[in-house]
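Going line by line, the protein sequences match chains A and B. Its first residue numbered 21, the first sequence is counted upward by one per residue in my numbering. Its first residue numbered 21, the second sequence is counted upward by one per residue in my numbering. Glycine residues also receive a C-beta, built at the ideal position from the N, C-alpha and C atoms. All remarks here apply to the structure that follows.
Protein chains: 2
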Amino acid sequence: MDESRAGRVALDMDIAAKLKRNGEGLVPAVVQQYDSGEVLMLAWMDDEALRRTLATGRATYWSRSRAEYWVKGETSGNFQQVKSVALDCDGDTLLVKVDQTGPACHTGTHTCFDGRELRPGTA
Amino acid sequence: MDESRAGRVALDMDIAAKLKRNGEGLVPAVVQQYDSGEVLMLAWMDDEALRRTLATGRATYWSRSRAEYWVKGETSGNFQQVKSVALDCDGDTLLVKVDQTGPACHTGTHTCFDGRELRPGTA
Numbered sequence: 021m022d023e024s025r026a027g028r029v030a031l032d033m034d035i036a037a038k039l040k041r042n043g044e045g046l047v048p049a050v051v052q053q054y055d056s057g058e059v060l061m062l063a064w065m066d067d068e069a070l071r072r073t074l075a076t077g078r079a080t081y082w083s084r085s086r087a088e089y090w091v092k093g094e095t096s097g098n099f100q101q102v103k104s105v106a107l108d109c110d111g112d113t114l115l116v117k118v119d120q121t122g123p124a125c126h127t128g129t130h131t132c133f134d135g136r137e138l139r140p141g142t143a
Numbered sequence: 021m022d023e024s025r026a027g028r029v030a031l032d033m034d035i036a037a038k039l040k041r042n043g044e045g046l047v048p049a050v051v052q053q054y055d056s057g058e059v060l061m062l063a064w065m066d067d068e069a070l071r072r073t074l075a076t077g078r079a080t081y082w083s084r085s086r087a088e089y090w091v092k093g094e095t096s097g098n099f100q101q102v103k104s105v106a107l108d109c110d111g112d113t114l115l116v117k118v119d120q121t122g123p124a125c126h127t128g129t130h131t132c133f134d135g136r137e138l139r140p141g142t143a
């Protein structure tokens, strides 16, 4: 086995050992524009979606509604080029920093959080 | 009923109508430092945690491990002063922008994502 491939397999096992999945085998992935810091959306990954994301550099999620893997932008063209993925302290959330092409939201807005902001006390 | 209180009740019902909770009655809350844009952590809220957060201006979550409400910072002093809360397009995720006192993570790190970053292709 060539060394780069061996390295990859080892890291995958390292990540897999740290991941704490929910009852459906999924972890939430917070998706953030890498340079502006905007939070674009939240999606879900299982081990295979994370593996594909790291292997291809294109953010790939598990669609809970369609029960299938979903390369973000595959139909819309609004891909997410992945810059980095970090696991949180508990291993149950991923932070995926991406460079987003076009709007992140399927509704056409820049992020999925473009609605009205509620403020404490004035709500 | 005085008008400001009536307004509050109406908005609560508006939010409640839009929220899509998981099987446990919870939605994930992405917590972001309002000025730097850093993603600090992910926590969970039910309707009551969101109501308390908006009423008090202090981020309040539902602890799944302890099965109780949890005012972030109540024991550590590392409170989160809430600037705004936004619902995503599907109503199943909250983005909570806060001003974090001290480290956000219970491990003492600045955010809960301060571990090693994985990069596509080099993983």
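Helix, strand or coil at residue i [DSSP, three-state]
i              : result
R136 (chain B) : coil
A124 (chain B) : coil
K38 (chain B)  : helix
L74 (chain A)  : helix
D119 (chain A) : strand
A30 (chain B)  : Bear in mind that the predicted position of A30 (chain B) carries a pLDDT of just 46, short of 50, making it too unreliable to give a figure here.
Bridge-paired residues (DSSP) for residue i
i              : result
T80 (chain B)  : B:V91
L62 (chain A)  : A:V50
A106 (chain A) : A:L115, B:E137
Distance between residue j and residue i (C-alpha atoms, nearest Å)
i              : j              : result
D55 (chain B)  : K103 (chain B) : 10 Å
A49 (chain A)  : L62 (chain A)  : 6 Å
A79 (chain B)  : N42 (chain A)  : 24 Å
G135 (chain B) : G141 (chain A) : 35 Å
F133 (chain A) : D32 (chain A)  : 32 Å
L39 (chain A)  : R71 (chain A)  : 12 Å
I35 (chain B)  : W64 (chain A)  : 23 Å
E137 (chain A) : A124 (chain A) : 18 Å
Q120 (chain A) : S96 (chain A)  : 12 Å
Q100 (chain A) : A69 (chain B)  : 32 Å
L67 (chain B)  : A37 (chain A)  : According to the sequence as given, residue 67 (chain B) is Asp; it is not Leu. Between D67 (chain B) and A37 (chain A), the C-alpha separation is close to 33 Å.
V91 (chain B)  : Y81 (chain B)  : 6 Å
V59 (chain B)  : L60 (chain A)  : 11 Å
G77 (chain B)  : V105 (chain B) : 10 Å
E88 (chain A)  : R86 (chain B)  : 33 Å
E94 (chain B)  : T113 (chain B) : 24 Å
Q53 (chain B)  : L74 (chain B)  : 17 Å
L115 (chain A) : E44 (chain A)  : 19 Å
R139 (chain A) : R139 (chain B) : 36 Å
Which listed residue (the options) has its alpha carbon closest to that of residue i
i              : options                       : result
T129 (chain A) : B:D108, B:G93, B:W82, B:D66   : B:D108
V118 (chain A) : A:V51, A:T76, A:G93           : A:V51
G111 (chain B) : A:L114, A:T127, A:V116        : A:T127
T131 (chain A) : A:A87, A:E44, A:G57, A:Y89    : A:G57
S83 (chain A)  : A:L46, A:T113, A:N98          : A:L46
N98 (chain A)  : A:G122, A:R139, A:L114, A:T73 : A:G122
Contact test: residue i Cβ vs the ligand SAM heavy atom, cutoff 7 Å
i             : result
L46 (chain B) : Ligands are entirely absent from the displayed structure, and the ligand SAM is therefore not among its contents.
*chain A contacts from the segment 101–117 of chain B (Cβ-Cβ distance under 7 Å)*: V102, S104, V105, A106, L107, D108, C109, T113, L115
_Members of the segment 72–92 of chain B that neighbour chain A once the beta carbon cut-off is set at 9 Å_ = T73, L74, A75, T76, G77, R78
*Give the residues from the segment 51–62 of chain B that approach chain A closer than 8 Å (Cβ to any Cβ), ordered along the chain.*
Q52, S56, G57, E58, V59, M61, L62
*Select from the segment 121–137 of chain A all residues with a C-beta closer than 9 Å to any C-beta belonging to chain B, and list them in chain order.*
C125, H126, T127, T129, T131, C132, F133, D134, G135, R136, E137
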